[in-house]
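Working notes, beginning with the structure itself.
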Amino acid sequence: YSSKLIYISTDYIFDGENGPYREDDKPNPINIYGRTKLEAENIMKSKLKNYLIIRTAQLYGVAERPVLSEVEGSSAPTKNFAIKIIYNMQNNKKVYAADDLYSTPTYAGSLSEIIIKLIEKNAEGIYHGAGAEFINRYDYVNKIADVFNLNKNLIQKVKLKNLKLIAKRPKKGGLKIDKISKDISITPGSCEHCLRLFKEELP
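Everything in the sequence shown is counted per the numbering used here, starting at -10 for the first residue and increasing by one.
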């Protein structure tokens, strides 16, 4: 068949010991989510000649079908991290953000543009489509507060271990995007710029 299978994967296929990661860095997932995503990647590579794997990290954007989800003991209308933070702070609830948990937050609008350009180029193989800024959760939440004019006194700095999350998280995850910058001439804007675009999308 001439059809191409496109698969969206994640930085969670890496262990977070030395991020952000390039496309050719060795995967080593530390949780079930990462292991299942890597398994799917490996199946594609072993069974298909014409495939496109696009890895992304900490995706955020407007959620069309919100569902109730717990965040640090308070209800928020979505599983989207950025919206959870905004929702809780708008409702005068404390939020807890780890200063030792790093990633490259990715605006859904930027990822959409990357996917379209890769399709137009008829790209194959593995590409990283992520935000341009490698940032920890605490600094990221502070940027969200700045853009959305929220009360920063509600932000509590913690360590990842203090969050007592059920699943392990890669502490220094995130993805390098040199390959897409070179191959399709796209470099997403700064974290603040993308958050402002996100703000314009919200009702």
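Quick reminder that beta carbons are idealized off the backbone N, C-alpha and C, glycines included.
Practice task
Within 10 angstroms of the Cβ of residue 156, are there 16 or more other Cβ atoms? Answer buried if so, exposed if not.
Solution key: exposed
Exercise for the section: Give, in chain order, every unbroken run of the beta strand (DSSP E) that is at least 3 residues long and sits entirely within the region 131 to 169. Expected result: Within the region 131 to 169, the complete beta strand (DSSP E) runs of at least 3 residues are 144 to 147.
Problem - Length of the line joining the Cα atoms of residue 18 and residue 139 - result: 35 Å
Exercise for the section: Spatial neighbours of residue 11 within its chain, please: CB distance less than 6 Å, with the 5 preceding and 5 following residues excluded, ordered by chain position. Expected result: 165
Exercise for the section: Report the residue from 133, 115 and 97 whose alpha carbon sits nearest the alpha carbon of residue 39. Expected result: 115
Practice task
Identify which residue in 111, 47, 158 and 171 has its Cα closest to the Cα of residue 129.
Solution key: That would be 47, whose Cα lies nearest to the Cα of residue 129.
Handout entry: Coil, strand or helix - residue 27 by DSSP
Key = helix
Handout entry: Residues of its chain near residue 20, where Cβ-Cβ distance is below 7 Å and the 5 sequence neighbours each way are ignored
Key = Excluding residues up to 5 positions away in sequence, 1, 156 and 157 lie with their Cβ nearer than 7 Å to the Cβ of residue 20 in the same chain.
Problem - Chain-order list of residues whose beta-carbon lies under 6 Å from that of residue 141 (same chain, five-residue window excluded) - result: 134
Exercise for the section: From the DSSP output, read off the bridge partner residues of residue 44. Expected result: -2 and 117
Handout entry: Residue from 43, -1 and 41 whose Cα sits closest to the Cα of residue 24
Key = -1
Handout entry: Start and end residues, alpha helix (DSSP H) containing residue 76
Key = 70 to 79
Exercise for the section: Check each candidate in 36, 174, 73 and 122 and name the one with the smallest Cα separation from residue 86. Expected result: 73
Problem - Residues bridged to residue 87 (per DSSP) - result: 147
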